[in-house]
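Q:
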């Protein structure tokens, strides 16, 4: 039996490696000053995390809470500013940022004045010039107001990513995402009015009741706005999420996998016919669009500094963050602890994973080969002094046997075939080390 038949195509969305469920409490806690002392600092990425949403979608397992009672957003920004001061001092002089992203949660849950303050934290406390670097912000339709968009545009936002998921009201309800098509279109109009250079629209396929006909309707509705980018995400139902708590199953795993693959292929082909170029399994860019910065917006590279209680940071030797949870009660407790944290407590890494040479190779391979352009083998060899086919013979031979590679293992560029890209969520997990797999399996979801 071939590998393509033997494994499920939708196992895990791998946008960062190692996975956060492989992180563990660090004892003793390393000081940030020592961690960053020898790190290159001339091309850092900065990520600011806002852990609030107006509602929580049924499929969402992000670190976020619903609402922010009282003065919680003010208290959170106060804590974020304390953290920024400490982290900036620890990282030291000579820093330069090449990219900035605000994520969440929903950063635009903050009102216009709070967004302005968030930008000030990035500029005045971390020393980044937002007007001179690729600057991406995530938003939801219900939070896209004219005053918020005006602030983001005036502060230099180059990319606004809108989580639409479906333009069909019944599908949005099925995904436990309460929204109306008219509100989505109004939000998109306000984004275009703000003249933010790059609009990205997120869509989801595999929703209960979704067909090729309704999928095409959502694609057409998105294309009508001529977005510079489109992301097509397969629906996942994860533990402790709204959909994960439902017991009713409309179809078998095999049937759902087949339907998601069918909808993915339809969406891929439809977008390519509409003039979009595939960048990865999920990402498509409009041909000819002027997009500033990395193709698959870079916030997962080594040399990333994350601020906020759900953010991760990456040095060459350690990936670290704060605690992680999905359950709402656990999330509220972690946010409360973050808000109450004195400045001195931000000087240490709390939870993380040290990177071995093997894990670093795997990370390089995962981040490169899952892109449509593939991985330059010469770059890999220059960095590690070895060949990927020698480092990962079992995995790569299996991919080749399954028909997931374009060309052979001795090509100058290691690339996935179209069917390989379709199976990215099986290829990524297949490259996880035994140690990461073990720790992920032993992680107790909370």
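Residue numbers (the working numbering): 19 to 464. All residues carry an ideal CB built from backbone N, CA and C; glycine is no exception.
Drop a sphere of 10 angstroms on the beta-carbon of residue 443, count the other beta-carbons inside from all chains shown, and report buried for 16 or more, exposed for fewer.
A: The sequence position of residue 443 within the chain shown is 425, counting from 1. Classification for residue 443: buried.
Q: Can you grab the Cα-Cα spacing for the pair residue 166 / residue 172, in whole Å?
A: Taking the chain shown and counting its residues from 1, the one referred to as residue 166 is at position 148. Taking the chain shown and counting its residues from 1, the one referred to as residue 172 is at position 154. In this structure, the CA atom of residue 166 is about 10 Å from the CA atom of residue 172.
Q: Should residue 84 be labelled buried (16 or more other beta-carbon atoms within 10 Å of its own) or exposed?
A: Here residue 84 refers to the residue found at position 66 of the chain shown. By the 10 Å Cβ count, residue 84 comes out exposed.
Q: Which two residues bound the contiguous beta strand (DSSP E) that contains residue 51?
A: The residue labelled residue 51 in the question sits at position 33 within the chain shown. Element bounds for residue 51: not the beta strand (DSSP E) but the alpha helix (DSSP H), 50-54.
Q: Could you tell me whether the stretch 156-165 touches the stretch 102-115, where touching means 3 or more Cβ pairs closer than 8 Å?
A: no
Q: Measuring alpha carbon to alpha carbon, tell me which residue in 28, 38, 33 and 26 is nearest residue 372.
A: Counted from its first residue, the chain shown places residue 372 at position 354. Looking at the Cα atoms, 38 is the closest of the given residues.
Q: What's the call for residue 119, buried or exposed, on a 16-neighbour Cβ count within 10 Å?
A: The sequence position of residue 119 within the chain shown is 101, counting from 1. Its Cβ being crowded by 16 or more others within 10 Å, residue 119 is buried.
Q: If you count every other CB in all the chains shown that lies within 10 Å of the CB of residue 323, and 16 or more means buried, which is it?
A: Counted from its first residue, the chain shown places residue 323 at position 305. Residue 323 comes out buried.
Q: If the criterion is Cβ atoms closer than 9 Å, does the pair residue 246 and residue 205 meet it?
A: The residue labelled residue 246 in the question sits at position 228 within the chain shown. The residue labelled residue 205 in the question sits at position 187 within the chain shown. No, the Cβ-Cβ distance between residue 246 and residue 205 is not below 9 Å.
Q: Whose C-beta lies closer than 6 Å to the C-beta of residue 392 among residues of the same chain, with five residues either side of it excluded?
A: Along the chain shown, one-based indexing puts residue 392 at 374. 431, 432 and 433, listed in sequence order.
Q: Is the beta carbon of residue 381 sitting closer than 9 Å to the one on residue 58?
A: As a working note, residue 381 is residue 363 in the chain shown. As a working note, residue 58 is residue 40 in the chain shown. Not a contact, by the Cβ cut-off of 9 Å.
Q: Are the CB atoms of residue 89 and residue 125 nearer to each other than 9 Å?
A: Position 71 of the chain shown, counting from 1, holds the residue named residue 89. Position 107 of the chain shown, counting from 1, holds the residue named residue 125. The beta carbons of residue 89 and residue 125 sit no closer together than 9 Å.
Q: Need the endpoints of the alpha helix (DSSP H) that residue 173 sits in, please.
A: Numbered from its first residue, the chain shown carries residue 173 at position 155. Looking at the DSSP string, residue 173 is not in any alpha helix (DSSP H), and its letter there is neither H nor E.
Q: Suppose you measure from the CA of residue 385 to the CA of residue 33; what does that come to, to the nearest Å?
A: As a working note, residue 385 is residue 367 in the chain shown. As a working note, residue 33 is residue 15 in the chain shown. Distance between the alpha carbons of residue 385 and residue 33: 8 Å.
Q: In its own chain, which residues sit with a C-beta less than 7 Å from the C-beta of residue 47, not counting the 5 before and 5 after it?
A: Sequence index remark: in the chain shown, residue 47 carries index 29 (1-based). Around residue 47: 366, 367 and 368.
Q: Using DSSP's beta-bridge definition, name the partner residues of residue 296.
A: Sequence index remark: in the chain shown, residue 296 carries index 278 (1-based). Assignment of beta-bridge partners to residue 296 by DSSP yields 302.
Q: By how many angstroms is the C-alpha of residue 419 removed from the C-alpha of residue 536?
A: Outside the shown range of the chain (19 to 464) lies residue 536, about which nothing can therefore be said.
Q: Helix, strand or coil for residue 225? Go by DSSP, reduced to three states.
A: For the purposes of this step, residue 225 is taken as the residue at position 207 of the chain shown. Note: residue 225 maps to coil in three-state DSSP.
Q: List, from N- to C-terminal side, the alpha helix (DSSP H) runs of 4 residues or more that fit wholly inside the stretch 71-126.
A: Within the stretch 71-126, the complete alpha helix (DSSP H) segments at least 4 residues long are 90-109, listed from N- to C-terminus.
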